[in-house]
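Going by the numbering used here, the sequence shown wraps up at 130, each residue one higher than the last.
No residue lacks a Cβ here, since even glycine has one placed at the ideal position from N, Cα and C.
Computed from a predicted structure; not experimentally measured.
Notes follow once the structure below has been shown.
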Amino acid sequence: MTDVAYKLVDRAEWAQARAAGVYDGSAVDRADGYIHMSTATQLAETARRHYAGRGGLVLVTVDLASLGETLRWEASRGGALFPHLHGPLPVSSATAGRPLSVSEDGVMIFEDGATGWP
Numbered sequence: 013m014t015d016v017a018y019k020l021v022d023r024a025e026w027a028q029a030r031a032a033g034v035y036d037g038s039a040v041d042r043a044d045g046y047i048h049m050s051t052a053t054q055l056a057e058t059a060r061r062h063y064a065g066r067g068g069l070v071l072v073t074v075d076l077a078s079l080g081e082t083l084r085w086e087a088s089r090g091g092a093l094f095p096h097l098h099g100p101l102p103v104s105s106a107t108a109g110r111p112l113s114v115s116e117d118g119v120m121i122f123e124d125g126a127t128g129w130p
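Structure, rendered in structure tokens:
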């Protein structure tokens, strides 16, 4: 699999999580019973499908090794395995965060001027 995954988070929610030390997930995550994350190869499509037209986001890089048994690889879109976190995300597992928005056509636009995802 991979050592890291990515989570697109509302910037205000991430600020609250940082203060609390844990992120309990978005409303969609809580309704589904786990925190949705994406690998590097899945991220652009996740942004396009679920975040198009949204600003005020942060892309959080998550160290998967630190999550233990709460991390499960489960089939989702087209049978691809996605990292799902069955429990809160400890902020200490986040190794980076990049502010961004997602254009109406689903392209990630980072505040440092970079677009897309490598």
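Residue burial classification, GLY11 (beta-carbon count within 10 angstroms, cutoff 16): Here the chain has residues from 13 to 130 only, and residue 11 is not among them.
N-terminal and C-terminal residue of the alpha helix (DSSP H) that HIS62 is part of: 52-63
Close-in-space but distant-in-sequence residues of the same chain around ALA32 (CB under 6 Å, 5 per side omitted): none
Nearest-angstrom beta carbon gap, VAL16 and VAL74 [assumed within contact, 8 Å]: 6 Å
Alpha carbon of ASP36 to alpha carbon of ALA43, nearest angstrom: So the alpha carbons of these two residues sit roughly 11 Å apart.
For ALA29 and GLU139, the rounded distance between their alpha carbons: The requested residue 139 does not occur in the structure, where the chain is confined to residues 13 to 130.
Identified DSSP bridge partners for TYR18: SER50, THR73
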